[in-house]
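A.B. asks: Count the sequence shown with the numbering used here and you get residues 5 to 286, in order. Ideal placement from N, C-alpha and C gives every residue a C-beta, glycine not left out. Since the model is a prediction, treat every value here as computed from it, not as a measurement. Got a structure for you, written out below as structure tokens; questions coming shortly.
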Amino acid sequence: MTIGVVGAGTMGVGVAQCAAQAGHDVVVVEPDPAARERGPQRLREGVRLLRLTRPTAPVGPTGTVWWAASIDALAAADFVVECAVERVDVKRVVLSTLDAICPARAVLASCTSAIPVARLAAFTRRADRVLAMHFMNPAPLKDAVEVVRGADTSPETLDRARALLDGMGKRAIVVNDGPGFVTNRVLMLTVNEAATVVEQGTADAATVDDVFTSCFGHPLGPLATADLIGLDTVLDSLVVLREHTGDDRFTPSALLTELVDAGHLGRKAGRGFHHYAHTRVL
5 MTIGVVGAGT MGVGVAQCAA QAGHDVVVVE PDPAARERGP QRLREGVRLL RLTRPTAPVG
65 PTGTVWWAAS IDALAAADFV VECAVERVDV KRVVLSTLDA ICPARAVLAS CTSAIPVARL
125 AAFTRRADRV LAMHFMNPAP LKDAVEVVRG ADTSPETLDR ARALLDGMGK RAIVVNDGPG
185 FVTNRVLMLT VNEAATVVEQ GTADAATVDD VFTSCFGHPL GPLATADLIG LDTVLDSLVV
245 LREHTGDDRF TPSALLTELV DAGHLGRKAG RGFHHYAHTR VL
């Protein structure tokens, strides 16, 4: 198949790598010239990371990856994964444009972190061919994907998503629609509360994460996880969850907002709740 990916950020490039390694030809659309120029280097670094962590896995892309500035390049795509920023107004433009230019057969999947599928599908005229495929970061290293079935998502669309993920060596965990689905309905609340604990002086970020890794056996604590995701994405997800649930618990903590405003976005920026002295900004 020809797989379209919208966005050449960390997640978009990760999804492109997964699709190319499964043998598909991939077209990555990124209108920002600087981000598009960084895309091939991000892809090479993703392949190197996979080689280091899984030396026995086949990691070289067998499909071709093209980089395009215009979404018109997806006019022949069979399946598109939208990885735009987690803002409803941005996704509205992307999905309505994809709906207008992509073939009738094409499935439109969103890598949204929290926006309900029903809201996204309403931006198109193909609600039966819209769903969410919530890849986790780093996408090439994760063995499962949270797949969100909207009320109008057809069984055929769900089957096509499952087949695509199966070809990538990933298991689809299918859940029903709702703000934040399972992952971020729970995780974002945890991250927000952990940030509040730091803000109120109960413990510093290292201690909060130590409690989760040492006492609960989590691979990463909630604040280190937030740094990995990107604090800008965490903040956007909380705003979406607050809007769609009406629950004040999703109001972003002051500390989280301060870090994002200061440009301390986590691993990708070298600093978030923790410092990453050896992180290089891509």
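#1: Would a C-beta distance cut-off of 8 Å place Gly-8 and Leu-78 closer than the cut-off?
#2: Would you verify that the beta carbon of Val-111 is, or is not, closer than 8 Å to some beta carbon of chain C?
#3: Report the residue from Val-215, Asp-208, Arg-275 whose alpha carbon sits nearest the alpha carbon of Leu-235.
#4: Under a Cβ-count criterion, where at least 16 other Cβ atoms within 10 Å of its own Cβ denotes burial, should Arg-230 be classed as buried or exposed?
#5: Less than 7 Å between C-beta atoms, sequence neighbours within five positions excluded: which residues of the same chain meet that for Cys-115?
#6: Touch check for the stretch 148-158 and the stretch 118-138: three-plus C-beta pairs under 8 Å?
#7: What do you get for Ser-257, buried or exposed, if any count of 16 or more other CB atoms within 10 angstroms of its CB means buried?
#8: Quick check: what's the CA-CA separation for Leu-242 versus Glu-262?
#9: For Ala-118, which option in Ala-199, Lys-95, Pro-107, Val-32 has the closest C-alpha, if you only look at C-alpha atoms?
#10: Apart from the five residues on each side of it in sequence, which residues of its chain come closer than 8 Å, Cβ to Cβ, to Lys-146?
#11: Do Gly-182 and Pro-142 count as a contact pair if the criterion is CB distance below 8 Å?
#12: Which term fits Trp-70, buried or exposed, when burial requires 16 or more other beta carbons within 10 angstroms of its beta carbon?
#13: Quick one: what's got a C-beta closer than 6 Å to Ala-1's C-beta in the same chain, skipping five residues either side?
#14: Starting from His-138 and walking both ways along the beta strand (DSSP E), at which residues does that stretch end?
#15: Tell me whether Gly-267 sits in a helix, a strand or coil according to DSSP, three-state version.
#16: Curious, which full-length alpha helix (DSSP H) runs of at least 4 residues does the stretch 169-230 contain?
#17: Residues in its own chain within less than 7 Å of Leu-168 by CB, not counting five upstream and five downstream?
C.D. replies: Straight from the coordinates:
#1: yes
#2: This model lacks chain C altogether; it includes just one protein chain.
#3: Arg-275
#4: For clarity, residue 230 is Ala in the given sequence; the question names Arg instead. By the neighbour-count rule (16 or more Cβ atoms within 10 Å), Ala-230 is buried.
#5: Met-15, Val-19, Val-85, Glu-86, Cys-87, Met-137, His-138, Phe-139
#6: yes
#7: buried
#8: Cα-Cα distance, rounded: 14 Å.
#9: Lys-95
#10: Phe-139, Met-140, Lys-174
#11: no
#12: exposed
#13: Nothing can be reported for residue 1, as the shown portion of the chain is limited to 5 through 286.
#14: Per DSSP, the continuous beta strand (DSSP E) segment holding His-138 begins and ends at 134-138.
#15: In the three-state reduction of the DSSP assignment, Gly-267 falls in the coil class.
#16: 187-203, 209-214
#17: Phe-83
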